[in-house]
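Position one of the sequence shown corresponds to residue 1473 (the working numbering), numbered consecutively onward.
All C-beta atoms in this analysis are idealised placements derived from N, C-alpha and C, irrespective of residue type, glycine included.
No experiment lies behind these values; they were computed from the predicted model shown.
Take a look at the structure below.
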Amino acid sequence: KERYLAENGIKRMGFLLLGAPGETRDTVEQSLEFAESLELEALKITVGIRIYPGTLLASQAVQAGVDSPRDSLLEPRFYLEAGLRDWLPGRIRDWSLKRPGLVVS
């Protein structure tokens, strides 16, 4: 498949959503390794998961103290697993800088 796509000028892009409830440094590293193994031309990495009202994630965010039940969520809010908050943004920056041929946004 990959060869067919390349032969026909079709570029491949991947998407990673990182920082969901239960995410760990190990699962982040596994996701980055998997993304790299795909040899994509572009990769969109989102740090944090958008919280939408009435969803399981909204309930989890309240339980984790990320949001209050009274928050309107009209302004975008994102859940980022507490253990990753200080580490993940820098890890993604460092990972991206070492892969200049890969467009990461």
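Query: Nearest-angstrom Cα separation, counted from Y1476 out to L1504; Result: 25 Å
Query: Beta-carbon proximity check, S1519 vs G1491, cutoff 7 Å; Result: According to the sequence as given, residue 1519 is Val; it is not Ser. Yes, the pair counts as a contact, with Cβ atoms nearer than the cut-off.
Query: Endpoints, the alpha helix (DSSP H) within which I1564 is located; Result: L1560 to L1569
Query: Span of the alpha helix (DSSP H), counted from its first residue to its last, around V1534; Result: L1528 to Q1535
Query: At least 3 beta-carbon pairs within less than 8 Å: the region 1541–1553 vs the region 1522–1530; Result: yes
Query: Cross-strand partners of L1546 (DSSP beta bridge); Result: None, per the DSSP bridge assignment.
Query: Buried or exposed by the 16-neighbour rule on C-beta atoms within 10 Å, applied to D1539; Result: buried
Query: Collapsed DSSP secondary structure at R1557 in the structure displayed; Result: coil
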